[in-house]
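In UniProt numbering, the protein residues as written are 1 to 179.
We put the beta carbon where it would ideally sit given N, CA and C, even for glycine.
Model, not experiment: these values are computed from the prediction.
Below you'll find the structure, written out as structure tokens, and then a few comments.
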């Protein structure tokens with residue numbers, strides 16, 4: 001009897017594992033052969049699910065930028081609670097930040113600013129991060145708050161996590177109170 005495979009579930013499993021592989025080894029130094037080796041499958045099996053490294057990377061980008069918001073009506077939440085929720089989300093991202101930043105820089109290294117602006121993976125990631133922040137702080141201040149959050153994650157990475165998230169919490173609170 002032939003083995004029944006849920007192709008969508010297996011594709012998702014491969015994508016989840018590939019996220020870790022890209023984070024560990026970067027983008028430019030990996031080819032489909034090496035990725036297949038790390039996944040423990042043949043190169044032809046990998047090509048069956050993903051026609052190229054770019055397609056696999058796009059699936060990884062899609063996966064890691066899916067944010068699950070708690071089922072809350074944030075429009076009724078006080079500003080302080082929305083900021084707490086935002087801070088908790090970004091703090092949860094911090095553990096993977098080093099690998100994601102390294103991968104991002106490797107992926108973008110050879111691109112011009114115009115190419116970055118047109119890149120589908122960057123467009124998707126930017127759109128989803130902005131949507132996430134917009135849900136919590138509104139569209140008027142979403143870009144500024146997102147920049148502040150990226151900045152604090154980068155600063156904490158560069159100073160060994162000495163910068164306190166409380167500093168950015170206060171700045172975001174002040175920005176939102178100006179409304």
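Alpha helix (DSSP H) containing residue i: first to last residue?
i: residue 134; result: 120-137
i: residue 87; result: 79-108
Please go through the same chain and pick out, in chain order, the residues whose beta-carbon is closer than 7 Å to the beta-carbon of residue i, but skip the five residues on each side of it.
i: residue 169; result: 83, 87
i: residue 38; result: 21
Would you mind giving the Cβ-Cβ distance between residue i and residue j, rounded to the nearest angstrom? I have them listed as a contact below 8 Å.
i: residue 90; j: residue 176; result: Actually they are not in contact, since the Cβ atoms of residue 90 and residue 176 sit about 15 Å apart, beyond 8 Å.
i: residue 103; j: residue 23; result: 6 Å
i: residue 106; j: residue 26; result: 4 Å
Is residue i helix, strand or coil by DSSP?
i: residue 160; result: coil
i: residue 25; result: helix
i: residue 54; result: helix
What is the rounded straight-line gap between the Cα of residue i and the Cα of residue j?
i: residue 59; j: residue 137; result: 28 Å
i: residue 15; j: residue 160; result: 30 Å
i: residue 116; j: residue 108; result: 7 Å
i: residue 7; j: residue 50; result: 12 Å
i: residue 98; j: residue 130; result: 20 Å
i: residue 30; j: residue 47; result: 15 Å
i: residue 93; j: residue 158; result: 16 Å
i: residue 114; j: residue 122; result: 12 Å
Between which residues of its own chain and residue i is the CB-CB distance below 6 Å, once the five residues before and five after are set aside?
i: residue 67; result: 132
If you measure from the CB of residue i, is any heavy atom of the ligand MN nearer than 7 Å?
i: residue 163; result: Because no ligand of any kind appears in the structure shown, any question about the ligand MN cannot be addressed here.
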